[in-house]
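Chains as they are written, first to last, in the working numbering: chain A, 1 to 107; chain B, 108 to 226.
Positions of the beta carbon are idealized from the N, C-alpha and C atoms, including for glycine.
Only a predicted model underlies this, so the values are computations on that prediction, with no experimental measurement involved.
Here the structure comes first, spelled out in C-alpha cells, and everything after it is commentary.
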C-alpha cells in the first residue's frame, strides 16, 4: 500500500496569513493526489484533485502542487472558515490511502 | 443538491453484525460509484471498498475483505454496508461517499455513522 505522510500534524496561523501543508507518498503517485477539508458538523469537502485541479466551488486562495512523491497544499490569505483539518489522499492505485491529517488552528 | 444521508449510531455486541445505510438524493444514483470509509476519531481515514450502483460490482481493500459487504438498492437510491463478526476494533465512524465521475476521489460525503462494539 502507498503510505501517505502529512506534515505538520498541527499548524497555528492567523487570518490573512498564508500556510502550506506537505504530503509525501512512499512511492510515485504521478499527480494523483487529492486534498479534503474536514470541519465539525459538516461533511468532508473535496478541495483539489489530480494534484492541482480545484474542485468546483473551491475558493481560488487554495492551490495544490507537486508530482511524483511530494505534494503541497497552499492556502493564501486565510479566512476564518479555513480553520479545519486537512487530509491528503492518493488516487493513483488501490487501496486508496490517506494522510494522517493536519489540524489548522487559529493563532 | 447532492445529499448522502447515513443511518444513525449503532451500539452492538461483539460477534454481531450491523448494516449501515446511505440514502442518496439529488443525482442519478444508478450510474454512480460509492465508496465506504472507516475513521477512528482522531485518526486517519481508511478506504474499505467501492461499489458501482449500475451492476453492483464491487472492489475491496484487502484489509476489509470478509469484514465488509457492500450492496445497493437502486429503487431507493440507497447504498448499504454490512459489517460482520464485529470486535472492539471495529468501533469507529463509517462514511459513505460518492466518487467524482471518472476519478477515484470523493466529491460528496455522508455525515458519518458511529458504530460502537461493546458487551
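The beta carbons of residue 41 (chain A) and residue 51 (chain A) sit no closer together than 7 Å.
Under DSSP, residue 206 (chain B) takes part in a beta bridge, and its partners are B:213. The three-state secondary structure of residue 120 (chain B), taken from DSSP, is coil. The shortest C-alpha to C-alpha distance from residue 193 (chain B) to any of B:123, B:118, B:111 is the one to B:123.
No Cβ of chain B is located within less than 7 Å of the beta carbon of residue 83 (chain A).
Under DSSP, residue 165 (chain B) shares a beta bridge with B:158. Take the alpha-carbon of residue 224 (chain B) and the one of residue 174 (chain B): they are about 14 Å apart.
Residue contact check for residue 221 (chain B) against chain A: no CB pair falls below 7 Å. For residue 67 (chain A), DSSP records a beta bridge to A:70.
Closest in C-alpha terms to residue 27 (chain A), from the list A:58, A:5, A:43, comes A:5.
In the structure shown, residue 45 (chain A) falls within a strand segment according to DSSP collapsed to helix, strand and coil. Pairwise C-beta distances place the segment 167–187 of chain B out of contact with the segment 7–27 of chain A, as fewer than three of them are shorter than 8 Å. Cβ contact annotation for residue 117 (chain B) (same chain, cutoff 8 Å, sequence separation greater than five): 125, 127, 220, 221, 222, 223, in chain order. In this structure, residue 160 (chain B) lies near residue 136 (chain B), with their beta-carbon atoms less than 7 Å apart.
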